[in-house]
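Following: one structure in structure tokens, then a few remarks.
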Ligand SMILES: [Fe+2]
């Protein structure tokens with residue numbers, strides 16, 4: 001079993017923090033604060049932060065933070081990585097202070113995505129999370145949500161997360177999101193959330209296809225949709241219900257170009273009874289893919 005308990009945090013470089021602030025507050029309904037250097041810090045629960053958007057002249061995924069339960073688990077993970085010949089580094093005190101965690105290590109997955117494994121994230125119980133839209137997010141033991149990484153070497157990525165890090169495969173979807181372009185996606189879990197990570201060999205240069213936030217109320221999906229429409233967001237996938245985790249959701253394109261899935265109602269996986277499945281459709285209904293609008297020259 002994996003030492004990794006949940007998706008803890010995400011870090012991105014973003015080129016338009018103003019657009020991001022508007023999108024994060026008014027569509028996603030997350031709490032946004034601005035650091036002294038102009039970076040944006042996003043909260044969705046008691047954690048001091050969940051997503052950091054560093055002000056930059058480009059847009060990219062910088063790091064994925066995986067939470068382990070304690071120091072013992074972190075030590076076990078270090079040993080496991082060393083045994084497999086995977087290089088890792090101690091994050092050190094300065095980085096731990098920056099991330100507001102007790103300790104962390106840093107390593108890369110086979111595609112070169114920077115992973116950080118940490119324990120002891122700061123909780124802000126004295127400053128309750130308040131959503132500007134009144135949303136409540138499903139987090140806790142299920143972590144912040146999920147991330148879908150675009151794979152270059154899919155087999156190596158799957159082996160790394162499944163066999164080395166100990167994520168469990170929940171299922172596979174073999175489908176054509178874009179007609180004529182077959183795609184086989186692997187869904188992996190490290191807690192009751194159906195997947196904290198999915199691996200998709202989409203032929204695009206980006207590292208991340210989408211991230212997902214889950215609310216506890218179906219009407220808030222509708223409210224977020226209304227806001228997205230009103231603010232002129234591009235809907236990458238229309239409202240739909242996924243075949244595997246049964247999430248009712250829609251996808252909008254973030255100001256950085258990757259999508260954010262906003263959903264409700266996903267199943268929780270019971271390790272004792274779950275068995276790996278294969279699906280040949282992405283969704284039971286809906287989730288119609290829509291090409292992004294062409295950029296004006
Ligand atoms: Fe998703």
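Numbering (the UniProt record's numbering), first residue to last: 1 to 297.
Beta carbons: idealized from backbone N, C-alpha and C, even for Gly.
I need the straight-line Cα distance from residue i to residue j, nearest angstrom please.
i           : j           : result
residue 221 : residue 28  : 9 Å
residue 75  : residue 193 : 25 Å
residue 144 : residue 211 : 10 Å
residue 22  : residue 272 : 42 Å
residue 50  : residue 264 : 19 Å
residue 138 : residue 191 : 13 Å
residue 163 : residue 156 : 10 Å
residue 224 : residue 83  : 46 Å
residue 292 : residue 80  : 42 Å
residue 15  : residue 40  : 12 Å
residue 216 : residue 121 : 23 Å
residue 111 : residue 206 : 12 Å
Is residue i near ligand 1, with its Cβ less than 6 Å from a heavy atom?
i           : result
residue 18  : no
residue 212 : yes
residue 89  : no
residue 75  : no
residue 261 : yes
For residue i, which of the options has the nearest alpha-carbon?
i           : options            : result
residue 38  : 123, 53, 116, 217  : 53
residue 282 : 187, 203, 270      : 187
residue 115 : 136, 77, 215, 130  : 77
residue 245 : 181, 270, 152, 149 : 270
residue 132 : 285, 33, 258, 232  : 33
residue 62  : 17, 13, 107        : 13
residue 67  : 30, 253, 294, 100  : 100
residue 108 : 200, 176, 87       : 87
residue 262 : 135, 130, 185      : 135
residue 9   : 119, 202, 218, 257 : 119
Is it the case that the CB of residue i approaches a heavy atom of ligand 2 more closely than 6 Å?
i           : result
residue 148 : This structure lacks ligand 2; its bound ligands are ligand 1.
Handout entry: Sufficient close CB pairs (3 or more, under 8 Å) joining the stretch 42-50 to the stretch 86-97
Key = Segments in contact, no.
Handout entry: Cβ pair count under 8 Å reaching 3, the stretch 271-278 against the stretch 232-240
Key = At 8 Å Cβ cutoff, the stretches do not touch.
Exercise for the section: Take every Cβ of the stretch 133-149, pair it with every Cβ of the stretch 199-215, and state whether three or more of those distances are shorter than 8 Å. Expected result: Enough Cβ pairs lie closer than 8 Å, so yes.
Exercise for the section: Say whether the stretch 2-15 touches the stretch 162-172, bearing in mind that this needs 3 or more beta-carbon pairs closer than 8 Å, one atom from each stretch. Expected result: Under the Cβ criterion (8 Å, minimum of three pairs), the stretch 2-15 counts as touching the stretch 162-172.
Exercise for the section: Would you be able to state if there are at least three C-beta pairs under 8 Å between the stretch 124-138 and the stretch 81-91? Expected result: Judged by Cβ distances under 8 Å, the stretch 81-91 makes no contact with the stretch 124-138, as fewer than three pairs qualify.
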